[in-house]
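J.: Below is one structure. I have some questions about it.
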Amino acid sequence: MPDPATPPSTPPPTPPPLPHPPGLLNLGNTCYINSVLQVLYNLPSFRQALAPWRCPRSPDFACELATALQTLFATLDRAQLLQTSRPPNATVAEDDECDTLDTDPLDDLRENLDYVSPSSFVSLLRDERCDFEAVGQQDAHEFLRFLLDKVDAALNSPPPDHRSQCKQPQPSSSASTTSDHLTRIRGGEASKPANQDVPNSSVAAPIKATDTTCPRSAKRRRVSEPSPHSLTQQSDPPSSSIDTAYPRKRFRPTLVPDLFEGKAITATRCDFCETMSNRAEQFLDVSLPVEAGRNLDWAWSKTGAREKLAGVNKYSCDTCNTYTEAQRWWRVEVLPQVLTVHLKLFAFDSPYTGSGGKVAVAMPCPFEMRMSEWCTDECEQKDIEYNLSAVIVHEGNGASSGHYYSYIYRHDKAEWYVYDDSMVSVVSRRELQQKLFTAARSRRTAYLLFYTQSATSELTTEPDNDASS
Numbered sequence: 001m002p003d004p005a006t007p008p009s010t011p012p013p014t015p016p017p018l019p020h021p022p023g024l025l026n027l028g029n030t031c032y033i034n035s036v037l038q039v040l041y042n043l044p045s046f047r048q049a050l051a052p053w054r055c056p057r058s059p060d061f062a063c064e065l066a067t068a069l070q071t072l073f074a075t076l077d078r079a080q081l082l083q084t085s086r087p088p089n090a091t092v093a094e095d096d097e098c099d100t101l102d103t104d105p106l107d108d109l110r111e112n113l114d115y116v117s118p119s120s121f122v123s124l125l126r127d128e129r130c131d132f133e134a135v136g137q138q139d140a141h142e143f144l145r146f147l148l149d150k151v152d153a154a155l156n157s158p159p160p161d162h163r164s165q166c167k168q169p170q171p172s173s174s175a176s177t178t179s180d181h182l183t184r185i186r187g188g189e190a191s192k193p194a195n196q197d198v199p200n201s202s203v204a205a206p207i208k209a210t211d212t213t214c215p216r217s218a219k220r221r222r223v224s225e226p227s228p229h230s231l232t233q234q235s236d237p238p239s240s241s242i243d244t245a246y247p248r249k250r251f252r253p254t255l256v257p258d259l260f261e262g263k264a265i266t267a268t269r270c271d272f273c274e275t276m277s278n279r280a281e282q283f284l285d286v287s288l289p290v291e292a293g294r295n296l297d298w299a300w301s302k303t304g305a306r307e308k309l310a311g312v313n314k315y316s317c318d319t320c321n322t323y324t325e326a327q328r329w330w331r332v333e334v335l336p337q338v339l340t341v342h343l344k345l346f347a348f349d350s351p352y353t354g355s356g357g358k359v360a361v362a363m364p365c366p367f368e369m370r371m372s373e374w375c376t377d378e379c380e381q382k383d384i385e386y387n388l389s390a391v392i393v394h395e396g397n398g399a400s401s402g403h404y405y406s407y408i409y410r411h412d413k414a415e416w417y418v419y420d421d422s423m424v425s426v427v428s429r430r431e432l433q434q435k436l437f438t439a440a441r442s443r444r445t446a447y448l449l450f451y452t453q454s455a456t457s458e459l460t461t462e463p464d465n466d467a468s469s
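When we follow full-length UniProt numbering, the leftmost residue of the sequence shown carries the number 1, and every step to the right adds one.
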């Protein structure tokens, strides 16, 4: 019988769940943009190195786009910081849901914020009428290459006190050809692989409304990031939303190649005189084949396998001046900090391609891997371990339709998150593996894999504390 003098024990209150990172609002077929932006934002070495750059007084489109990207990143930083400081269980009345559209974005961040609207960034794409107008669904891989190219061009533009137009980046390699599994920046534009087996990998048709419509709730608020034009047309320094988010420091003009660029060697050995010739190429990502019942190790092995040059493909040797048979293979000589793997889902000549033009196979990929087997002997980092840090997923039947979203590992929280436009939620490693990396046919397939070197693999960290000042 309980002692009446003893008060009943009260269990401690359950602590409120930590807020999830903010998502990005889908503005109509912009899921491919959102998935790429979230991966780049959650790469601190990219985000923090971009922050101190300042747009020139006579900006071109690349500089304006980089400024819009800066502003969006700073807004996401503010959103995360204000999320962690808001009162537990804070709510917003239903009739207030749309009041934020005409208010100061930073004031609105003090409310219950779950996602940010990238309206200025998307509007800039639409105004420019470039290949990525964000009106119809496009290809996430092509957009990633496009965006990195523009950022690279902006970072290599004249300083703010220089009134000339932005210059284009110089070629990253003197090689005249590019292997069909490599992508690199050449002459200011992202070069498409030679002999590409995808005639047009861009997704032209809009996807179904159910793929892009985000659920609306009284407890979910949105905010548009400040317009980039207000930052580029002033004589004063750019908006304090960027200045307060990051300490002033020198930006790196070589940011894109420093993080994403590797160097590969294509070696050819003449069977007649046994002379070796090597051709070096810089790359930003590596495209690998996909087959049912195979895994990523198989894809690397197939890409690096020795190829026999014979018949109509005989080799013209400059040493012995003969048209002869030869052996050719591919190896990596310099590994990038961030190794981007593009899985060739839209390969129309594959026996596994479905009616929609997609290789609908969920190919197993490792969470950790080493590249030593596919590196040259001269590669100094061949024994370093890579950790899977992000995956961009394509869900759908083919290149003309579907939906993109991303999985990102947050080292600061030691958890995987799925970023599906404005919706962000935690997912376990086991669940991620079951959804993406089982050897089975599936409409839900990994499309872009981002592996980071173990020494620099903290893909995501909390924003700088200065952002709250």
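Yeah, the Cβ is synthetic: ideal placement off N, Cα and C, and Gly gets one too.
Just to confirm, is the Cβ distance from Leu40 to Gln70 under 8 Å?
T.: Counting from 1 along the sequence shown, the entry for residue 40 is found at position 40. Counting from 1 along the sequence shown, the entry for residue 70 is found at position 70. No, the Cβ-Cβ distance between Leu40 and Gln70 is not below 8 Å.
J.: Extract the residue ranges of the alpha helix (DSSP H) inside the region 15-47, only unbroken runs of 4 or more that lie entirely within it.
T.: With a minimum length of 4 residues, the continuous alpha helix (DSSP H) runs that stay inside the region 15-47 are 31-41.
J.: According to DSSP, simplified to helix, strand and coil, what is Asn89?
T.: In the sequence shown, residue 89 corresponds to position 89, counting from 1. Here Asn89 scores only 42 on pLDDT, less than 50, and its place in the model is too uncertain to base an answer on.
J.: Jot down the residue ranges of each uninterrupted alpha helix (DSSP H) in the region 293-350, minimum 4 residues, whole runs only, in chain order.
T.: Runs found: 296-304.
J.: Suppose you measure from the CA of Trp329 to the CA of Thr438; what does that come to, to the nearest Å?
T.: In the sequence shown, residue 329 corresponds to position 329, counting from 1. In the sequence shown, residue 438 corresponds to position 438, counting from 1. Whole-angstrom Cα-Cα distance: 29 Å.
J.: Going by CA-CA distance only, name the one from His20, Cys55 and Ile33 that's closest to Leu81.
T.: Along the sequence shown, one-based indexing puts residue 81 at 81. Residue His20 is the option with its Cα nearest to Leu81.
J.: Check whether the region 412-423 and the region 302-311 touch, using three or more Cβ-Cβ pairs below 8 Å as the test.
T.: Counting Cβ pairs under 8 Å, fewer than three are found: no touch.
J.: Tell me whether Ile185 is buried or exposed, calling it buried when 16 or more other Cβ atoms sit within 10 Å of its Cβ.
T.: In the sequence shown, counting from the first residue as 1, residue 185 sits at position 185. Note that Ile185 has pLDDT 43, beneath the 50 cutoff, so the model's placement of it is unreliable and the number below is only indicative. Label assigned to Ile185: buried.
J.: When the Cα atoms are used, what is the spatial distance from Leu148 to Leu259?
T.: Here the question's residue 148 lines up with position 148 in the sequence shown. Here the question's residue 259 lines up with position 259 in the sequence shown. Distance between the alpha carbons of Leu148 and Leu259 is about 11 Å.
J.: Do Pro336 and Gly262 count as a contact pair if the criterion is CB distance below 8 Å?
T.: Position 262 of the sequence shown, counted from the first residue, corresponds to residue 262. Position 336 of the sequence shown, counted from the first residue, corresponds to residue 336. Yes, Cβ-Cβ distance for Gly262 and Pro336 is below 8 Å.
J.: So who's on the other strand from Lys263, going by DSSP bridges?
T.: On the sequence shown, position 263 is the one that residue 263 refers to. Lys263 is bridged to Gln282 and Val334.
J.: Could you give the distance in angstroms between the alpha-carbon of Val427 and the alpha-carbon of Val418?
T.: By one-based count along the sequence shown, residue 427 stands at place 427. By one-based count along the sequence shown, residue 418 stands at place 418. Distance between the alpha carbons of Val427 and Val418: 7 Å.
J.: Could you tell me which residues DSSP puts in a beta bridge with Gln453?
T.: Within the sequence shown, residue 453 is the residue found at index 453, counting from 1. In the DSSP output, where bridge partners are listed per residue, Gln453 has Tyr386.
J.: What does the Cβ neighbour count give for Ser454, buried or exposed, with the cut at 16 atoms within 10 Å?
T.: As a position in the sequence shown, residue 454 is number 454, starting the count at 1. So Ser454 counts as exposed.
J.: When DSSP labels each residue in this structure, what does Cys379 get in the three-state scheme?
T.: The sequence position of residue 379 within the sequence shown is 379, counting from 1. In the structure shown, Cys379 sits in coil (DSSP, three-state: anything other than H, G, I, E or B).
J.: Can you tell which of Thr445, Glu333 and Pro52 has the C-alpha that lies nearest to the C-alpha of Met363?
T.: If you number the sequence shown from 1, residue 363 lands on position 363. It is Thr445 whose Cα lies nearest to the Cα of Met363.
J.: Excluding the 5 residues flanking Ala154 on each side, which residues of the same chain have their C-beta closer than 6 Å to its C-beta?
T.: Within the sequence shown, residue 154 is the residue found at index 154, counting from 1. Correct list, in chain order: Ala62, Cys63 and Ala66.
J.: Could you give the first and the last residue of the continuous alpha helix (DSSP H) run that contains Ser123?
T.: Against the sequence shown, residue 123 aligns to sequence position 123. Start and end: Ser119 to Glu128.
J.: Under a three-way DSSP split, which group does His411 fall into?
T.: In the sequence shown, residue 411 corresponds to position 411, counting from 1. The answer is coil: DSSP assigns His411 none of H, G, I, E or B.
J.: Does the structure place the region 388-396 close enough to the region 320-328 that three or more beta carbon pairs sit under 8 Å?
T.: No: the two stretches stay apart, fewer than three of their Cβ pairs being nearer than 8 Å.
J.: Could you compute how far the alpha carbon of Arg430 sits from the alpha carbon of Ser117?
T.: What you label residue 430 is simply residue 430 of the sequence shown in a count that begins at 1. What you label residue 117 is simply residue 117 of the sequence shown in a count that begins at 1. Going by the C-alpha atoms only, they are around 31 Å apart.
J.: For a test of the three-state rule: what should DSSP assign to Thr268, helix, strand or coil?
T.: To locate residue 268, count along the sequence shown from 1; it is residue 268. In the structure shown, Thr268 sits in a strand (DSSP, three-state: E or B).
J.: Between the C-alpha atoms of Asp297 and Glu291, what's the straight-line distance to the nearest angstrom?
T.: Here residue 297 refers to the residue found at position 297 when the sequence shown is read from its first residue. Here residue 291 refers to the residue found at position 291 when the sequence shown is read from its first residue. Roughly 12 Å separates the two Cα atoms.
J.: With H, G and I counted as helix, E and B as strand and the rest as coil, what does DSSP make of Val393?
T.: Taking the first residue of the sequence shown as 1, we reach residue 393 at position 393. Reduced to three states, the DSSP call for Val393 is strand.
J.: So if DSSP puts Met423 in a beta bridge, which residue, or which two residues, is it bridged to?
T.: Your numbering for residue 423 matches position 423 in the sequence shown. According to DSSP, which records beta bridges pairwise, Met423 is partnered with Asp420.
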